[in-house]
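Sequence order for the protein chains is U and F.
Going by my numbering, the first sequence opens with residue 715, and the numbers climb by one from there.
Going by my numbering, the second sequence opens with residue 375, and the numbers climb by one from there.
The beta carbon of each residue, even a glycine, is placed where N, CA and C say it ideally should be.
Step one of this worksheet: look at the structure below.
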Amino acid sequence: MPGVVQPERASAGANFRNHLLYAALQFGGWGLWFWSQASGDVLTGEASWREALTVWGGIGLIGLWLTHLLRAASKTHDWFALSTGALLGRAAASVAIISAVLCWASILLTLTVYGSPVTRFYAYIFHKLPIGLQILNQSLAFSSIVILWVVLYFGLMSQRWRHRAELRQAQLNEALQAAELRLLKFQLNPHFLFNALNGVRALIADEPAKAQEAVTRLARTLRYTLAAGDAELVTFGREMEMVNDYLALESLRLADRLDVVREIAPGVESVRIPALLMQTLVENAIKHGIAPLKHGGTLRISARVADKHLLLEIGNPRPVDVDKEPNEGLGLRNASERLRLLFGPAAKLELDLLDPARATAKVRLPK
Amino acid sequence: MKALIVDDEPLARRELRRLLTAFPWVQVVGEAADVDEALEQVDKLAPALVFLDVQMPGGTGFDLLAQLERLPRVIFTTAYDHYAVKAFEVSAVDYLLKPIEPERLAAALSKVQAAALAAMSSTLPPNEPASKQEGPLEQIFVRDGLRCWFVPLREVSVFTADGNYVRLQWGKESPMLGRSLVALEEKLDARRFFRANRRQIVNLDYIESVEMGLGGRLHVQLRDGPEIEISRRQARQFRARMSV
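Following this line, the structure appears as structure tokens:
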């Protein structure tokens, strides 16, 4: 589906921008931190520029490299698809590991360069503190910078990931709806088809003219059903032509058990309705209403326009026994689902079963 | 062979009638458009073969079979819902899909013919009247819930009364039949079936062994499982039957 592929392709360009943004933030952030630490050591810690730049340049590069590794790990293992709890756990572990490494690297570096864990001036200020507390002090300082990094990066990433997931879900729903629509439409009953063919076979010998007419109608019905896969909406007039073919074929089968009354108001013909909607309702009325009745009955089709809505009614007698109720209405449920997908709440389909011996399907569509 | 066509569609009946003209030994004696009409016709015409549509107004082909006392041979005709026919646990019936293919019809009819010939030569002893109407039941249609069976009675080992119903022990199945034991007993082949006690009728062909019980009763072990008790009153008759 083009609708699904497109955002992927668009994200290739977006990917490059994201990498650029990341690089800028990563170098900028660590650079800023390196500069503030180094200059602090020089200005207030009485270290030389060479010493401070070596120490903080080294630590800064290690921090840059470790957080970059963290980013790579989070991407390859899809951490942002995990639950919040799992993500937080990984974030905490990363903070602990990276700040510990940074802390020990800084101790090694300062010991070699300054000869003490901090600059000589700071060593003088801190000399009363036990060495353990000095190390704790250092590691807390390193943790806070790593925490800041993790909070910023993980926060941004999980938000972006959620956004993308929502987008994907929306596209999926759309594709699903399209597929559903296609499926819901194809409801031409095979029972009808084979019975019609059987009827035609019977007519061929005795009434060839009638047989020819039936074949034509059957071909038109089939073609319409197949073409309905392309167009969502058709004019009411076009749909009724098909319904008339369909009813003629059903009359062949049901003979005098089927009687049809049409009440089509002027001006209805050009209103657009979902393809096969009328056909589904008429088929339903015959299948569950008229065909099971020994003496058949009258199918009433009425269509009119009232306050910017098209009102359709298909009424039929039905067998009174209620045992078979649950079977009824798969076609109707599909039709009603289709209306919902196409028009939202503006359209309505209801089956009036108040009269135990009658059923009336009522449809209201925005014109 | 007398045949009846049961289908609610006039065109379908016409078509089948025409197809059957190719088989002169099949004589279509009547047509029916629904279950009630069909019941009437079966009573009146006693067809040996019924072509039966599944979906009809006011009841299905199965409803018709469930109401028939004596089953003719049945060929189902259906446009699409052959699944319903396939639901039969034992396909003692054939089905034809509409539009019916002449070759398939010929195959189904030759099966019917073969079965009729076999029945003719094996089950009717020469000294009995050839009229099938008077002979004992050989097959019944049983519908229990959603499942249907054509049950050949000689394969039923024991009938047990259960309220107003009768439970059939038929291989692994034990479907319920909506008749009383007394009504059923009248229709059974007395040479094969024996009233063992107040509640049970046993198929003599299935008896494996007989043991003496208390107070003149007999315990009968059947081939496919259950043990049946023969009441004292019936035991004497049983001995007489078995010693002959």
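Interface criterion met: the Cβ of U/G913 is under 8 angstroms from a Cβ in chain F.
Counting of Cβ neighbours within 10 angstroms places F/R613 among the exposed residues, the total staying below 16. Counted as a single uninterrupted DSSP element, the stretch harbouring U/H791 is not any alpha helix (DSSP H), since DSSP gives it neither H nor E. In this structure, DSSP gives F/H593 an extended state, which the three-state scheme calls strand. A residue is called buried once 16 or more other Cβ atoms fall within 10 Å of its Cβ, and U/H1002 is buried on that count.
Closest option to U/N958, judged by alpha-carbon separation, among U/V1019, U/L972, U/A945: U/L972. Under the Cβ criterion of 8 angstroms, F/Y580 is not counted among the residues facing chain U. Measuring C-alpha to C-alpha distances from U/W818 to each of U/V982, U/G777, U/K1076, U/L843 identifies U/G777 as the nearest. Under the criterion of beta carbons closer than 8 angstroms, F/N571 and F/S605 qualify as touching, at roughly 4 angstroms.
Annotation for U/K1062: the continuous beta strand (DSSP E) segment containing it runs 1062-1066. Contact check between the region 842-858 of chain U and the region 790-800 of chain U: fewer than three CB pairs, one atom from each, fall below 8 angstroms, which does not count as touching. In terms of beta-carbon proximity, U/R967 lines the interface with chain F, with at least one pair separated by less than 8 angstroms. For U/A814, the closest of U/L1056, U/V769, U/I861, U/S788 by C-alpha to C-alpha distance is U/I861.
Under the three-state reduction of DSSP output, U/K1022 falls in the coil class, being neither helix nor strand. Annotated three-state conformation of F/Y454 is coil, per DSSP. Between F/R517 and chain U, the shortest Cβ-Cβ separation is not below 8 angstroms.
Rounded to the nearest whole angstrom, the CA to CA distance from F/Q487 to F/F515 is 20 angstroms. Interface flag for U/P1070 against chain F is unset, since no Cβ pair is found closer than 8 angstroms. Take the alpha-carbon of F/M430 and the one of F/S548: they are about 29 angstroms apart. For chain F, the residues of the region 988-1012 of chain U that bring a beta carbon within less than 7 angstroms of one of its beta carbons are A1005, P1006, L1007, K1008, in chain order. For U/L1079 and F/M375, the gap between their C-alpha atoms comes out near 59 angstroms. Comparing C-alpha distances from U/V769 to each of U/E946, U/A752, U/R878 shows the shortest one belongs to U/A752.
Straight-line measurement puts the Cα of U/Y838 at about 16 angstroms from the Cα of U/G846.
Not a single C-beta of chain F is nearer than 8 angstroms to the C-beta of U/A923. Cβ neighbours of U/Y736 within its own chain (closer than 6 angstroms, five residues either side excluded): none. Using a Cβ distance threshold of 8 angstroms, U/L1046 and U/N998 count as a contacting pair.
Looking at the backbone, the Cα of F/V540 and that of U/G1058 are separated by about 56 angstroms. U/L917 reaches chain F at L385, counting residues in chain order whose Cβ is nearer than 8 angstroms. Between the alpha carbons of U/A942 and U/L990 lies a gap of roughly 7 angstroms.
Within the DSSP secondary-structure output, U/V948 pairs in a beta bridge with U/I987. Here the region 549-560 of chain F lies against the region 523-541 of chain F, with 3 or more beta-carbon pairs under 8 angstroms apart.
Considering only beta carbons, the part of the region 463-493 of chain F lying closer than 8 angstroms to chain U consists of L471, K472, P473, I474, in chain order.
For the 8 angstroms CB-CB criterion, F/I474 and F/T451 form a contact. Rounded to the nearest whole angstrom, the CA to CA distance from F/I602 to F/D417 is 37 angstroms.
In this structure, F/D437 is the residue among F/R444, F/A535, F/D437 with its C-alpha nearest to the C-alpha of F/G519. Within the same chain, and ignoring the five residues on either side of F/R391 in sequence, the residues whose Cβ sits closer than 7 angstroms to its Cβ are I379, V402.
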